[in-house]
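Colleague: Sharing a structure, written as C-alpha cells. Questions coming.
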Amino acid sequence: ANACQNSHLPFTGATNANAPGNVCKDEQSRSYFYMAEVNRVAASFLGQMDKGLTLGSPARDARARAWANFLMGISLGYEAMIYDSAAIVTPAMSSEDPGTLSSYLVVADSANAALQRAIDQASLTPTGDNGFPLPGDWLPSPTSMTAANFLKVLHSYRARIEASVARTPAERAARNWTQIMADAAAGITSDHLVTTSTTVGPVNWWRNTYDGAGLWHQMTAFYIG
C-alpha cells in the first residue's frame, strides 16, 4: 500500500488502523514481532545463565550478559516508542509463558532497567579470555566495540528511548531528564555507523518495496526538505 502513505496522509487526519486485514498490517506489525522475538531469545539465554550456564570465562560471561541485556533493552524500548503495549518477557519466566500486555510506559521502564544491567556488566573488569571488544559480526561497525565504546552506545540508546517514549506534554514533563541528560553526555560523540549488507541487511524488506518499482515510490518532499 505504498508504505501506507494513503492512510498515513500527512499531517492532519492521519489514521493508524488496527483492524484485521488492513492494508498496513504487515508493515505495522513487523517491528512488533521482531522486537518481541529478540526480547524472548535474550531473556531465555539470560535465564539459562542464571541457572548456571557459563561460556568458559568470567570475561566472556560478562560480555554475553551485557549483550543480551542490550538486546532486551532496545527491543523493549523500541516497542515502547512505537506501540501502545507489549509483553515483557524476563529471564525468570518459562519459555512457554507469553507474558501479558503492559502499557508502553511500563515497557519503557523495563527497557531502562535492562540497559542499566547491560551498563553494569560492561563496566566490570572480569578475568579470562573472550571478553571485550564485541565480536565484529555482533554489531558490525568501523568502530571497535571495546567496553568503553559499547558503554557509549548503551547510554545513547537509553537516552533516546527515555526521551522519545512520552506522548503527551505531561508524560514528557514526568521523564527523568536528569538521567536522560547524563546518559546523553556519557554517550557517543560522533557518528555511530552500523555496517549492513545492501542486499540482505535488516532493512532489506522495506528497501525492496521502496526501490522495487522505479520512480513511483518517491520520497516525499517533506523528508527531503
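The numbering of the sequence shown is the working numbering, which starts it at 151 and goes up by one. All C-beta atoms in this analysis are idealised placements derived from N, C-alpha and C, irrespective of residue type, glycine included. Remember, it's a predicted structure, so these values are computed and weren't measured experimentally.
Examine the Cβ distances between the region 287 to 302 and the region 244 to 261 and report whether three or more of them are shorter than 8 Å.
Modeller: no
Colleague: Hey, ALA297 and ALA336: beta-carbon distance below 8 Å or not?
Modeller: no
Colleague: Using the rule of at least 16 other Cβ atoms within 10 Å of the residue's Cβ for burial, across every protein chain shown, is ASP211 buried or exposed?
Modeller: Buried, since its Cβ has 16 or more Cβ neighbours within 10 Å.
Colleague: When the Cα of GLY278 is compared with those of ARG267, ASP234, ASP287 and ARG213, which residue comes out closest?
Modeller: It is ARG213.
Colleague: According to the neighbour-count rule (16 or more other Cβ atoms, all chains shown, within 10 Å of its Cβ), is MET185 buried or exposed?
Modeller: Buried is the call here.
Colleague: Could you tell me whether the region 165 to 175 touches the region 192 to 207, where touching means 3 or more Cβ pairs closer than 8 Å?
Modeller: no
Colleague: From ALA313, ASN299, LYS175 and ARG308, pick the residue whose C-alpha is nearest to that of ASP341; which is it?
Modeller: ASN299
Colleague: If we call anything under 8 Å between Cβ atoms a contact, is GLY385 one with ALA218?
Modeller: Residue 385 lies beyond the range of the chain shown here (151 to 375); nothing can be said about it.
Colleague: Please return the same chain residues whose Cβ sits closer than 8 Å to the Cβ of ALA320, not counting the five positions on each side in sequence.
Modeller: none
Colleague: Output the boundary residues of the alpha helix (DSSP H) element that contains SER181.
Modeller: For SER181, the enclosing alpha helix (DSSP H) has its first and last residue at 175 to 200.
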